[in-house]
Amino acid sequence: MSDLARSSEDNASLDNGDASAALAPVRMTEKKRRRPPLACEQCRRRKIKCDRNMPCGHCTKARILNCTYAPIHIPDSKTRRNLPARLQSTSTGVISQRPVRPALPLDPKASTGDGCEVVADSLALSKASSSHPSSNVGSASDASNVDRLVARVQELEEKLANVVHISEPPGGSFGPKPEGSVAPLAGTISKTRYFGNSHWINVTDLLPAEFAILGRAEGDKADVYHALVKCKTLARKIKKNRQRPLSSENLGETIPPRELADQLVEKYLRTFEGVLRVLHVPTFRLEYDRYWQNPSAANMCFVMQLQLCLALGATVHDEKFSLRATAMHWVYEAQLWLMLPPEKSKVAISGVQILCLLVLAKSCCGVGQDLTWVTMGSLVRMAMYMGLHRDPKHLGKMTIYRAEIRRRLWATILELNLQCAFEAGGSPLLQSTDYDTEPPANLNDDQLVDENDGETPIGQPSDTPTETSVQLAILKSLPLRLNLIRLVNDFRASRPYDEILRLNSDLTKACRELSHNLSCLQTKDTSPKGVTINFFHVSVAELFLYRFFHALHQTAIVKSFNDHRFYFSRRMCLDSALKLLNLWGLSGRGSNTQAEGQMEFRRIVDNGSGIFRYIAVQSLFFVAVELVHQKQGHSVSLGYLPSIGDSDLRARLESAKTWSLARVRAGETNGKGYCFLAACLGHIDALTAGLSKEEVDRTILSETTESVNHCLAALAEVATREGVPSEESTPEPAEMDLDGITDIPLEWMGDWAWDDMGGISWEQWYRGMEQSLYL
């Protein structure tokens, strides 16, 4: 009832002769509000809606420092009526200012018992605190009762937090991180691309001195800047010269003569096909012979398969990758053919095989190798659209040939997907619950028949070497690695160090089991047809697994230099790096053994891109970080672990420097890896000599400038070999048109930066690290 109505009723009662009411002493009472103000005082004053948080949203936006709420007074009678019986003895007529907090989401699966009691009491207190107003009471006993009620509320809140699980909202936390947890890295942005935690570029933050010096040199337009500009100019001309006209009307017309084609096909079948099963080799050979009988009548689907096999074989054909331009053209034609209509005809087993070969060829041949994760998404969805993620036994009756081809392809897709996610620092797109396809049987290709008659062949024992043994050995650890890469690249997750140690233990067991099984299979490999499992297969299988130690531990290695609890991560990163560098042949010591497949593996690490470059670069960074910190006087051991000798680590960096320059001579237009290794070695030598900081900076800059000149000479050799006149491609800085280059410092390095960091220069990287120190 409004105040005006009540006033009218009072007047009417007086007019009717209510003498007792008229003669009663008048008591001055303050004006009361029937509904307590729920909005904060600032929002009430501004007459806007309040969200009742502390502080509220409007005060936060307006940057009002004090967001206050008016005290709410509750009559003693109503307080006793609303509180539980066991709390009425402590209630009074006053409850001070009500704490206003955002509502916390409660887990519906929380336990009962004490939890229900706590929730009930909390709701009762909340209801009591929001009841009707009462008169002001300010006695000492009231204040004491208020204190008891506040203490009781805090006690109930503590019980509620212990019993009921409070879910953490995305991007936030209700409390401090547990001790020993490793926060995820922020990732790296390059133009429109985001590189997650597993991407190798995140390791470069561990070597800030080199980036700082080279960044200042670029900003000051020093000699190294002009030398890099000349390298950039020459690299662009080389890449432009490799481009071939591409037309949908001339697809499949660049197949080489049969003699060369036979060599390239055999090299592919002897290397990549033994690790990632894509083709049924007897069927492919039959189609291959049929193609040469009448090339013009060949099915275009097979021609695309053949071209991709030729491109992959070209990477291990010779030491200089002389067919690089042709291989890139074959990859481009396969991409174009997949986009041409009708697209529905490509949704078949042959289309999945072409996509698998395309992802692998893009990575190895340097055709958008940093975008293979995007192509992988299309491959995963096409495979699932065709039901490859379901085991063939659930899809009706199939011949052993069709069922096993589907299982092999799905296993290959899972591995390619995992490796591409690692390279991009992204999500693996799949989890173990998304498929139920069983591993393929341990059978040779000639045991697969496309007939329904006869008995189904039983797979060989796992210790019997077959053409599928290596794929099966890798597949055993896939669930573990899938979970690991999902955890590492989850930007929301804060990884407890205990979880990292547990995953490390599982990964160590998986790596040891893989190496042991492959060694046993090689010992038993006495096939009359020749070697089934060679050095190439074993090396690629091991690098697929051992590289995951880097993704697991590189988030904790930063802490290891100041906190010995994380020293184990630092040691595991170094040990796995040394293992992988030994596979690369970068141990600093020559190898006299020439095992079957060793020459091909050596060529792919010299000529190939993608994983055959990124893994080595990531490993070299860990070696350089360890050696630099040793020279700076940081502790290198806890006393119970042997330390790696300086000479051994430096010998690996020297071998890697030679390897990087050999890659440039083989046709790679990127030379920053070679230059950065030279800067690291210069830094290490300067620290060893005990030079001052200014002398250390000058040494790093001098070594980098000299390495850029060597890189320029190597690019000139490539230009001459590929028909690009080197004299016209390397003008003096004064003769070059630098307009649009010096004015745009973030773009001048262009695609001559790291393989997938085309838009970032050293100067930009240095500024980015400076800003991150203040975030």
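Residue numbers (UniProt numbering): 1 to 775.
We treat Cβ as the ideally placed atom computed from N, Cα and C, and that holds for glycine.
Query, Result
"Cα-Cα separation between E717 and V605, rounded to whole angstroms", "20 Å"
"Buried/exposed call for K672, threshold 16 Cβ in 10 Å", "buried"
"Extent of the continuous alpha helix (DSSP H) to which R492 belongs", "From DSSP, R492 is part of no alpha helix (DSSP H); its letter is neither H nor E."
"Close-in-space but distant-in-sequence residues of the same chain around R407 (CB under 8 Å, 5 per side omitted)", "D391, P392, T437, E438, P439, P440, A441"
"Classification of D370 by the beta-carbon crowding that lies within 10 angstroms, buried from 16 upward", "buried"
"Sufficient close CB pairs (3 or more, under 8 Å) joining the stretch 408-426 to the stretch 457-466", "no"
"Alpha helix (DSSP H) segment containing F302, residue limits", "300-314"
"Among D525, G608, Q598, nearest to N582 - alpha-carbon criterion", "Q598"
"Backbone secondary structure at Y194 - three-state DSSP", "strand"
"Whether Q471 touches R324 by CB criterion (8 Å)", "no"
"Bounding residues of the alpha helix (DSSP H) (the contiguous stretch that carries C573)", "567-584"
"Inter-stretch contact (C-beta, 8 Å, three-pair minimum) for the stretch 312-326 and the stretch 381-390", "no"
"Reduced DSSP secondary structure (H/G/I, E/B, other) of S89", "A caution first: S89 carries a pLDDT of 41, below 50, which makes its placement in the model too unreliable to give a value."
"Straight-line Cα distance separating H317 from R613", "18 Å"
"Distance, N294 Cα to L487 Cα", "52 Å"
"8 Å contact criterion, which C364 and S609 should meet: CB distance rounded", "6 Å"
"L501 beta carbon less than 8 Å from that of F549", "no"
"Within the stretch 474-549, ranges of the alpha helix (DSSP H) (whole runs, at least 4 residues)", "478-488, 497-524, 535-546"
"Inter-residue Cα distance where the pair is L269 and V696", "50 Å"
"Nearest-angstrom beta carbon gap, T658 and A678 [assumed within contact, 8 Å]", "About 11 Å separates the two Cβ atoms, so there is no contact after all."
"For T188: DSSP bridge partner residues", "F195"
"Three-pair Cβ contact test at 8 Å for the stretch 644-653 versus the stretch 680-688", "yes"
"Proximal residues to M300 (C-beta, below 8 Å), its chain only, five neighbours per side dropped", "L251, G252, W337"
"Whether C231 touches V538 by CB criterion (8 Å)", "no"
"Outcome for C573 when other beta-carbon atoms lying within 10 angstroms are tallied against a minimum of 16", "buried"
"W410 versus R565 - alpha carbon distance", "41 Å"
"C-alpha distance - K509 paired with T699, whole-angstrom precision", "44 Å"
"Whole-angstrom distance between F676 and H329, CA atom to CA atom", "31 Å"
"K346 burial status per 10 Å Cβ neighbour count (16 or more: buried)", "buried"
"Inter-residue spacing [alpha-carbon to alpha-carbon] between S494 and S505", "19 Å"
"Reference I238; option with closest CA among T669, A713, S692", "T669"
"Helix, strand or coil at N66 according to DSSP, with G and I counted as helix", "coil"
"Length of the line joining the Cα atoms of V281 and S198", "35 Å"
"R285 (DSSP reduced to helix, strand or coil)", "helix"
"Span separating the alpha-carbon of Y194 from that of V359", "20 Å"
"Own chain partners of F622 with C-beta closer than 6 Å, once the 5 adjacent residues on each side are dropped", "C573, L574, A577"
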